[in-house]
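Below is one structure, written out as structure tokens; comments come after it.
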Amino acid sequence: MTACDLYPVLQTGFNMDAALAVLRDILPLPEVTALRLPRGWTPEKAQLSKLVALLHANGVALIPEVDVPLSGTSDSLLGICDGLHVACVEDLVTLRKTVGSDMPIGCHCDNRDDAMKAGESGADYVAFPAGDLELVKWWSSVMELPGVTENVTTPTDASLAIAAGADFLAIPLQFDGKDQERFSAMAVLAAG
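And the structure:
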């Protein structure tokens, strides 16, 4: 069991070949448990197949960020994902009615009220802005529902988020030649 898990995030406009090359290096880290795809990404069948095979080989969940309604998300992606991520509580409420209670859904929250409403509305995790460690600390001290700290880009950010009680660190892939080094350093911190 790790102190917290690592949650790589692919950004809009990512290159699949570059992503697969980086993911081959970081997904084997035991602290990496989920991968978030950007909103609006429409995969080619061959790309999706390669990505899913790599994720399954490493026991990593596939979590696309989606718009509500789901009309902009491909059926092939919805059919194989392990959960969904939405940008706000209102989308969570609508999506929960659409997909039911079996599909895990995470929700971005900017404040306590949104986080509480997300929890009450069936969120499986809540995600907080990176700069709001007080919100992460409060959440982890009063709630059991997992909390994600978004946009963690350095080991220092990771240390602060872990100290605040984050259960997951959402780390954007930067494709700058340093992703593996960054993830390895954060994995050491996340392992506790």
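The UniProt record's numbering puts the first residue of the sequence shown at 1, with every later residue one more than the last.
Note that the Cβ used here is the ideal one computed from N, Cα and C, for glycine as well.
* Asked: For Arg112, is the classification buried or exposed, using 16 other Cβ atoms within 10 angstroms of its Cβ as the cut-off for buried?
  -> The residue you call residue 112 lines up with position 112 of the sequence shown. The residue is exposed, with fewer than 16 neighbouring Cβ atoms inside 10 Å.
* Over what stretch of residues does the beta strand (DSSP E) that includes Phe128 continue unbroken? -> Position 128 of the sequence shown, counted from the start, is the residue given in the question as residue 128. Taken as a continuous stretch (DSSP letters only), the beta strand (DSSP E) holding Phe128 covers 125-128.
* Asked: Ala118: buried (16+ other C-beta within 10 angstroms of its C-beta) or exposed?
  -> Sequence index remark: in the sequence shown, residue 118 carries index 118 (1-based). A residue is called buried once 16 or more other Cβ atoms fall within 10 Å of its Cβ, and Ala118 is buried on that count.
* Could you tell me which uninterrupted beta strand (DSSP E) segments, each at least 3 residues in length, are contained entirely in the segment 105-159, listed from first to last along the chain? => Listed in chain order, the beta strand (DSSP E) elements of length 3 or more contained wholly in the segment 105-159 are 105-108, 125-128, 147-149.
* To do: Could you tell me the boundaries of the alpha helix (DSSP H) in which Val68 lies?
  => As a first step, residue 68 must be located in the sequence shown, where it is residue number 68. Run containing Val68: none; DSSP gives neither H nor E here.
* **Residue interval of the beta strand (DSSP E) (run including Phe168)** => As a first step, residue 168 is located in the sequence shown; it is residue number 168 there, counting from the start. Boundaries of the beta strand (DSSP E) harbouring Phe168: 168-172, taken from the DSSP string.
* Asked: Short check: CB of Val68 to CB of Val86, under 8 Å?
  -> Numbered from its first residue, the sequence shown carries residue 68 at position 68. Numbered from its first residue, the sequence shown carries residue 86 at position 86. Between Val68 and Val86, the C-beta spacing is below 8 Å.
* **C-beta atoms of Ala164 and Leu133 nearer than 8 Å** => For the purposes of this step, residue 164 is taken as residue 164 along the sequence shown, with counting starting at 1. For the purposes of this step, residue 133 is taken as residue 133 along the sequence shown, with counting starting at 1. Cβ atoms of Ala164 and Leu133: closer than 8 Å.
* Asked: Excluding the five sequence neighbours on either side, which residues of its own chain have a C-beta within less than 7 Å of the C-beta of Arg24, listed in chain order?
  -> Along the sequence shown, read from residue 1 onward, the residue named residue 24 stands at position 24. The beta carbon of Arg24 sits closer than 7 Å to those of Leu54, all from its chain and outside the five residues before and after it, given in chain order.
* Pick from Leu78, Met186, Gly192, Glu65 that is closest to Ala127, judged by C-alpha positions -> The residue given as residue 127 occupies position 127 in the sequence shown. The shortest Cα separation from Ala127 among Leu78, Met186, Gly192, Glu65 belongs to Glu65.
* Would you grab the beta carbon distance between Val148 and Gly177 for me? Rounded to a whole angstrom, and I think it's under 8 Å. => The residue labelled residue 148 in the question sits at position 148 within the sequence shown. The residue labelled residue 177 in the question sits at position 177 within the sequence shown. For Val148 against Gly177, the beta-carbon gap comes to about 26 Å, at or over 8 Å, which does not count as contact.
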